[in-house]
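A short worksheet on the structure shown next.
Printed below as a string of structure tokens:
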């Protein structure tokens, strides 16, 4: 059984430590790094043609971890991003999803039918997860 490694990326422009909120001076939360996790019941070992279900968290197009006094809270624009299968130096788009306000969301795609046995990486925006392909 292969181990699954979740590698976290960082949304550009986000702080990694709590920041002081200029509106009320209190320490606020920094935007969390986006992540991909195996959905409940999803095995880390897959076969070509299998449907994979992941849970994406903190998948935001922009990070608004600090507000400016007198300005309304920013909205989170939904942007279409690719779900990319990467294996052996080749990449292919296997699905697309819209970013949101960072709420957990389901990401579903089919493993390419020509996927080779071995390690593969799934990339969504700034988040990645490793899967293992078997026969």
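Residue numbers (our numbering): 18 to 152. C-beta atoms are modelled at their ideal positions from N, C-alpha and C, and glycine is treated no differently. Quick caveat, the model's predicted, so the values are computed rather than measured.
Test: residue i CB closer than 8 Å to a CB of chain C
i          : result
residue 85 : Among the chains of the structure shown, chain C does not appear; only one protein chain is present.
Best match in the options for proximity to residue i [C-alpha to C-alpha]
i           : options              : result
residue 76  : 127, 65 and 140      : 140
residue 57  : 125, 88 and 99       : 125
residue 122 : 128, 129, 83 and 113 : 113
residue 82  : 47, 111 and 129      : 47
residue 99  : 65, 78 and 142       : 142
residue 55  : 132, 64 and 73       : 73
Residues near residue i by beta carbon distance below 8 Å, same chain, minus five either side
i           : result
residue 135 : 104, 105, 149 and 150
For residue i, the residue or residues it bridges with in DSSP
i           : result
residue 125 : 70
residue 152 : Note: residue 152 sits in no beta bridge, so no partner.
residue 54  : 72
residue 63  : 150
residue 119 : DSSP lists no partner for residue 119.
residue 142 : Beta-bridge pairing links residue 142 to no other residue.
Cutoff 6 Å; reference residue i; Cβ partners in own chain excluding five residues on either side
i           : result
residue 49  : 75
residue 138 : 103, 145 and 147
Check: residue i C-beta below 7 Å from any heavy atom of the ligand FMN
i           : result
residue 127 : With respect to the ligand FMN, the structure offers nothing, as it holds no ligand at all.
Spatial neighbours of residue i in its chain, beta-carbon cut-off 7 Å, leaving aside the 5 residues before and after
i          : result
residue 42 : Since pLDDT at residue 42 reaches only 43, below the 50 mark, its modelled position is unreliable, and the value read off the structure follows with that caveat. So no residue of the chain qualifies.
Quick one: any contact between the region 63–70 and the region 103–110, if contact means 3 or more CB pairs under 8 Å? The region 63–70, when compared against the region 103–110, does not touch it at the 8 Å Cβ threshold.
Length at least 3, wholly inside the region 79–109: the beta strand (DSSP E) runs in chain order: The region 79–109 contains, as complete beta strand (DSSP E) runs of 3+ residues, the segments 97–104 (chain order).
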